[in-house]
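Using the working numbering, you'd call the opening residue of the sequence shown number 15 and step up by one each time.
Read through the structure below, which is laid out as structure tokens, and then see the notes.
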Amino acid sequence: MLAPAERAVREVGALLRAWRSDPRVTSGVWEGDQFKARADAMAHDELSARLRRAAPDVPVLSEEDPAGLSGRRPERYWLIDPVDGTASYVHGFGGYVTQAALVEGRRPVAAAVFAPESGRCYTAVRGRGAAVDGERLRVSAPDTGAGVLTDNTPEPRGIARAAYQRFGCSGYLESGSIALKLCRIADGGAHLFVKDVAVRDWDVAAPALVLEEAGGAVLRLDGGRFDYTGSFEGTGVIGAVDGATCAGVAAWHRGRGGGAG
15 MLAPAERAVR
25 EVGALLRAWR
35 SDPRVTSGVW
45 EGDQFKARAD
55 AMAHDELSAR
65 LRRAAPDVPV
75 LSEEDPAGLS
85 GRRPERYWLI
95 DPVDGTASYV
105 HGFGGYVTQA
115 ALVEGRRPVA
125 AAVFAPESGR
135 CYTAVRGRGA
145 AVDGERLRVS
155 APDTGAGVLT
165 DNTPEPRGIA
175 RAAYQRFGCS
185 GYLESGSIAL
195 KLCRIADGGA
205 HLFVKDVAVR
215 DWDVAAPALV
225 LEEAGGAVLR
235 LDGGRFDYTG
245 SFEGTGVIGA
255 VDGATCAGVA
265 AWHRGRGGGA
275 G
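So this is what it looks like as structure tokens:
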């Protein structure tokens, strides 16, 4: 199932790049804390159609199809985020991706994340490793401290700034979407990511599998695992080169008075 997912995200990523010059595609409205561009719905249509053609018996659950997110989750389904990093997309930055994860038995088992502006495609199959453009991925441990922290602001702010100082980070990488930041840890560009905003399953399913199969770890901010059951939304995410770092950040957050995700 990896091949059709990779093909689908690459094709939709190419469409996103082509559409980007049209202001009608990047226009949209705010829905709560999220900006919804016309491109989100267009990419949803294209990505879900490709996956359905490849596997007609596998349902597609998407951020852009709220009706499909109600009720009990199927035992096996695609979980997609047609545009992760919409703000980057509409404002001319490169930090957006399109992504798909195949979820079976409450865990992602195959994933593809495509970053159209860099042309890099991250893939993973549970138990078989992760790759970027066919090259095997393995996390790179920092020489000292927590190494390079990544976030989507020009410099660390909020909880990212506090974590940067507390864990002795030596560098900072500005990146875009949640998925891209987790993938940058997988490819060695960064070592730690901490966020305390609302995080949805479709934000993390695909990149979490990439990072975990590359040897890293992903936890909720409260230290629990993403279990892909119940509500699709939680609070916060930690990504790091190893589980001990993730657990240490979660314990530190609880010590600061952070509640459960």
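The beta-carbon is built from N, C-alpha and C at its ideal position, and this holds for glycine as well.
Straight-line CA distance for residue i to residue j?
i    : j    : result
G229 : T249 : 24 Å
L75  : D59  : 12 Å
I252 : V208 : 5 Å
P64  : P70  : A small correction: the amino acid at residue 64 is Arg; Pro does not occupy that position in the sequence shown. Going by the C-alpha atoms only, they are around 10 Å apart.
V97  : R140 : 23 Å
W92  : R180 : 38 Å
A114 : G148 : 17 Å
E226 : Y242 : 16 Å
H105 : R175 : 24 Å
R24  : A155 : 29 Å
G82  : P73  : 9 Å
A258 : L206 : 12 Å
R270 : S245 : 26 Å
R52  : L30  : 11 Å
G276 : A144 : Because the chain spans 15 through 275 in this model, residue 276 falls outside it and cannot be assessed.
A17  : R150 : 16 Å
I94  : S35  : 24 Å
Starting from the Cα of residue i, find the closest Cα among the options and give me that residue.
i    : options                   : result
V146 : R134, Y186 and L29        : R134
S189 : A177, A204, Y178 and C183 : A204
D217 : A124, Y103, G85 and S191  : S191
M15  : F49, K50, R67 and V43     : R67
D210 : Y103, T158 and V263       : V263
I173 : R142, G27 and R268        : R268
E247 : A212, S35, F49 and D157   : A212
S41  : D95, Y103 and R31         : Y103
L61  : D36, A28 and F49          : A28
D215 : R87, A57, P18 and D256    : R87
W266 : F240, L235, D36 and R239  : L235
State the CB to CB distance for the pair residue i and residue j, rounded to an integer number of angstroms; the pair is presumed to be in contact (CB under 8 Å).
i    : j    : result
A220 : A101 : Not confirmed; about 19 Å, so no contact.
T137 : E20  : 6 Å
E78  : D54  : 5 Å
A200 : V153 : 6 Å
G12  : S184 : Lying outside 15 to 275, the shown extent of the chain, residue 12 is not represented and no answer is given.
V39  : W33  : 4 Å
Among residues of its own chain, excluding the 5 on either side of residue i, which ones have a beta-carbon nearer than 6 Å to its beta-carbon?
i    : result
G273 : Because the pLDDT at G273 is just 48, under 50, the model does not fix this residue reliably, and the point stays unresolved.
C276 : Residue coverage of the chain in this structure runs from 15 to 275, which leaves residue 276 outside it and unanswerable.
L196 : P221, L225 and G253
G237 : A264
To which residues of the same chain is residue i closer than 7 Å at the C-beta, ignoring the five residues directly before and after it?
i    : result
E131 : G108
A129 : V111 and L194
L223 : A115, P122, A125, A138 and R140
D256 : G230 and A231
R198 : T164, L187, S189 and A204
Counting only the same chain and skipping the five closest in sequence on each side, list residues whose C-beta sits under 8 Å from that of residue i.
i    : result
Y186 : V162, L163, T164, D165, E169, P170 and Y178
F49  : G42, V43, T100, A101 and V104
Completely contained beta strand (DSSP E) runs for the segment 207 to 270, where each covers 3 or more residues: Here the runs fully enclosed are 231 to 234 and 247 to 254.
Within the segment 42 to 98, ranges of the alpha helix (DSSP H) (whole runs, at least 4 residues): The qualifying runs are 52 to 68.
Every unbroken beta strand (DSSP E) within the segment 93 to 140, with a cutoff of 3 residues, ordered by chain: 111 to 118, 121 to 129 and 134 to 139
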